[in-house]
Amino acid sequence: MEHVTSISLIIEEAAGIDRKKEPITVGIPFPEGLLLEGHTLLLTDPESGIRPLQHETLALWPDGSLKWVLLDFQVSVNANTSKELTLVTSDSQGTRSSSSGIVLDEEGDTIGVNTGHAIFRMAKSVFRPFESIHIDGVEALDLDRSGVILTDPSGCEHQAVVDKMFVETKGKLRSTLKVEGHFRSTPVSGQLLFQARLSFYAGSTTVRLDFTLHNPQAAVHPGGLWDLGDPGSILFKDLSIVTSLKSGDEAKTECFMLEEPTDCADGFTFLPWRGDMSGRIDSDLIVYQDSSGGENWRSHNHVNRHNDVRSAFRGFRVLSGGKAIGEGLRANPVLTISNGSSVIAGTVQHFWQNFPKAIESQSGSLVTRLFPGHYSDVFELQGGEQKTHRVFLAFGRNDTESLSLHWVQSPLIARATPEWYEQSGAFPHLVHEDQDPNAEVAGWIRSAIHGESTFFHRREIIDEYGWRNFGELYADHEAVGHEGPEPLVSHYNNQYDCIRGALFQFAQSGDKRWFVLANQLCWHVKDIDLYHTDEDRPEFNRGLFWHTEHY
Numbered sequence: 002m003e004h005v006t007s008i009s010l011i012i013e014e015a016a017g018i019d020r021k022k023e024p025i026t027v028g029i030p031f032p033e034g035l036l037l038e039g040h041t042l043l044l045t046d047p048e049s050g051i052r053p054l055q056h057e058t059l060a061l062w063p064d065g066s067l068k069w070v071l072l073d074f075q076v077s078v079n080a081n082t083s084k085e086l087t088l089v090t091s092d093s094q095g096t097r098s099s100s101s102g103i104v105l106d107e108e109g110d111t112i113g114v115n116t117g118h119a120i121f122r123m124a125k126s127v128f129r130p131f132e133s134i135h136i137d138g139v140e141a142l143d144l145d146r147s148g149v150i151l152t153d154p155s156g157c158e159h160q161a162v163v164d165k166m167f168v169e170t171k172g173k174l175r176s177t178l179k180v181e182g183h184f185r186s187t188p189v190s191g192q193l194l195f196q197a198r199l200s201f202y203a204g205s206t207t208v209r210l211d212f213t214l215h216n217p218q219a220a221v222h223p224g225g226l227w228d229l230g231d232p233g234s235i236l237f238k239d240l241s242i243v244t245s246l247k248s249g250d251e252a253k254t255e256c257f258m259l260e261e262p263t264d265c266a267d268g269f270t271f272l273p274w275r276g277d278m279s280g281r282i283d284s285d286l287i288v289y290q291d292s293s294g295g296e297n298w299r300s301h302n303h304v305n306r307h308n309d310v311r312s313a314f315r316g317f318r319v320l321s322g323g324k325a326i327g328e329g330l331r332a333n334p335v336l337t338i339s340n341g342s343s344v345i346a347g348t349v350q351h352f353w354q355n356f357p358k359a360i361e362s363q364s365g366s367l368v369t370r371l372f373p374g375h376y377s378d379v380f381e382l383q384g385g386e387q388k389t390h391r392v393f394l395a396f397g398r399n400d401t402e403s404l405s406l407h408w409v410q411s412p413l414i415a416r417a418t419p420e421w422y423e424q425s426g427a428f429p430h431l432v433h434e435d436q437d438p439n440a441e442v443a444g445w446i447r448s449a450i451h452g453e454s455t456f457f458h459r460r461e462i463i464d465e466y467g468w469r470n471f472g473e474l475y476a477d478h479e480a481v482g483h484e485g486p487e488p489l490v491s492h493y494n495n496q497y498d499c500i501r502g503a504l505f506q507f508a509q510s511g512d513k514r515w516f517v518l519a520n521q522l523c524w525h526v527k528d529i530d531l532y533h534t535d536e537d538r539p540e541f542n543r544g545l546f547w548h549t550e551h552y
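Sequential numbering of the sequence shown, starting at 2, is according to our numbering.
Next up, the structure:
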């Protein structure tokens, strides 16, 4: 007899944005012995019935059954509402799949991706990141004016050269290309490497680009000190992604700004920007975030190798035609450029949190400055350190509304119920929050995301932001008895496995604020706290930065 199991997937929209076919990728656990490779896995929507679903096995139980499965699907949900989907498993053979969706092809020195609404080609030689983009059969990209450019302290520019390109995930709903490479002729001590993951979605012209800059050298760490200014560091002035439209009419620029209030405690509430700009701008436009915009924007947390804080002003500024037309504290801009025949829109996830950051239009080109040369200092990437930014780019013909990227700063989070996470056995000792026998301790733990002294609030004390620090959790217990003029800088993630703890609380309670903490910290740890080198002592290589002689 066929055995069927139903799992609820809950999606809550809390940012006040209507979502239309937003892509979701989420891992779901299953109890040992329930699901085997080849068993049926379906996703149903109460409004539209069976939905297209892509799935990939991540981990197995000792008996060979599936423990963790990565799901990809798309969902539409209205602003400030919730939706419950149902994931159905069956021990019958043959998973339902759709024959339509993303199509990949390899042609000469390029890999092509057809999403059904756009055809992208990527070259295996130079990473620009695109070699061509066809929308409705029309080429949208000006290749000669596009590229990924690293600028060294002397002002020399260096191209991103591809060493390896391959399909990492091949699916009908999401396909991801991984690119590994280096920057050509870098006349500095050592060579910076890069990794890029380009994710494409069925029926969409939106591309997610996760770009990682990496210094593979070892740190010298003289005397056991791992300070900025180490001889193993590499300095540079700017890193930008330039994506240009084919020539058409005079380019017009639109900017939609989400300005986050400085007292935001959960990472989800945004305010419209009230600058002087309205409508379309005919000239070039720059949105530049110089510091966090918080009260403690000059925190000692942001010192450079000379023990100086080089942020020049609080917050962000908007310039057009060489003149300042607006300013504010915390920007999350979406820039759209149109030239009468094609449109491009772009944004950087967690723009202001990863300051300094800039996005600008230049004569029909969208320039995304991950490390902007506007900053009054060079950037230092320590030996074994890397940094990843998530960029979204969308392309179209003339319909700018269809290229909305407002959801990027608060993507939907899908989750199962606490009861299912407990039943799966994937989290040892997990019980539903309401049944936790340690009620007093559980109350203390909840204060990390509830009340007026949450981890979100505590970020402001030492300004736990900036490209190197965002995601860290302030360890204020270290400050007990501290009497110095500046708050003591210390981080819990250098002492405890806060990622696992926050994910455990998310599974136990279903409160997405735990997931936000864990996710943002995970980005920090995998880039900054891990020592990405093979050139140091074996006990240090690929370990954690803070597992040094100090410990």
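Beta carbons: idealized from backbone N, C-alpha and C, even for Gly.
Please read these numbers as outputs of a predicted model, since none were measured by experiment.
According to DSSP, is residue i part of a helix, a strand, or is it coil?
i, result
"Trp558", "Residue 558 is absent from the structure shown; the chain starts at 2 and stops at 552."
"Tyr532", "coil"
"Val481", "coil"
"Gln509", "helix"
"His433", "coil"
"Val490", "coil"
"Leu553", "Because the chain spans 2 through 552 in this model, residue 553 falls outside it and cannot be assessed."
"Phe456", "helix"
"Gln424", "helix"
"His525", "helix"
"Gln160", "strand"
"His451", "coil"
"Leu1", "Because the chain spans 2 through 552 in this model, residue 1 falls outside it and cannot be assessed."
"Ile18", "coil"
"Glu57", "strand"
Going by DSSP, name the residue or residues bridged to residue i.
i, result
"Glu13", "Ser83"
"Thr334", "It should be pointed out that residue 334 corresponds to Pro in this sequence rather than to Thr. Paired residue(s): Met258."
"Pro30", "Trp69"
"Gly117", "Partner(s): none; Gly117 has no beta bridge."
"Val243", "Gly148, Val368"
"Leu43", "Val89"
"Thr105", "Note on identity: in this sequence residue 105 is Leu, with Thr being the wrong assignment. Per DSSP, Val114."
"Pro24", "Gln75"
"Val139", "Ile136"
"Thr170", "Thr177"
"Val517", "Partner(s): none; Val517 has no beta bridge."
"Arg129", "Note: Arg129 sits in no beta bridge, so no partner."
Taking its Cβ as the centre, do 16 or more other Cβ atoms sit within 10 Å of residue i, making it buried, or is it exposed?
i, result
"Arg538", "exposed"
"Tyr497", "exposed"
"Trp353", "buried"
"Phe372", "buried"
"Arg543", "exposed"
"Ile287", "buried"
"Gln75", "buried"
"Trp445", "exposed"
"Glu484", "exposed"
"Asn79", "exposed"
"Thr82", "exposed"
"Ser155", "exposed"
"Pro429", "exposed"
"Asn216", "buried"
"Cys157", "exposed"
Less than 8 Å between the beta carbons of residue i and residue j, yes or no?
i, j, result
"Ile134", "Phe393", "no"
"His351", "Phe257", "no"
"Glu169", "Arg122", "no"
"Arg311", "Ser377", "yes"
"Leu36", "His56", "no"
"Val243", "Arg146", "yes"
"Leu492", "Tyr475", "At residue 492 the sequence reads His, which differs from the Leu that was named. Their beta carbons are under 8 Å apart, which means His492 touches Tyr475 by this criterion."
"Val481", "Ile463", "no"
"Leu54", "Leu44", "yes"
"Glu423", "Val432", "yes"
"Lys173", "Ile103", "yes"
"Thr213", "Gln383", "no"
"Thr152", "Phe237", "yes"
"Ser66", "Glu13", "no"
"Trp227", "Phe457", "no"
Does the CB of residue i have a neighbour CB from chain C at under 8 Å?
i, result
"His4", "Judged by its chain identifiers, the structure shown contains no chain C, having just a single protein chain."
- beta strand (DSSP E) segments (min. 3 residues) lying fully within the stretch 367 to 400: Fully enclosed beta strand (DSSP E) runs of 3 or longer: 380 to 382, 387 to 397.
- Could I get the ranges of all uninterrupted beta strand (DSSP E) runs contained in the stretch 297 to 371, with 3 residues as the minimum, in chain order? The qualifying runs are 317 to 321, 324 to 329, 332 to 339, 344 to 349, 358 to 363.
- Message: So within the stretch 172 to 236, which uninterrupted beta strand (DSSP E) runs reach at least 3 residues, ignoring any that extend past its ends?
- Response: Listed in chain order, they are 175 to 184, 194 to 202, 207 to 215.
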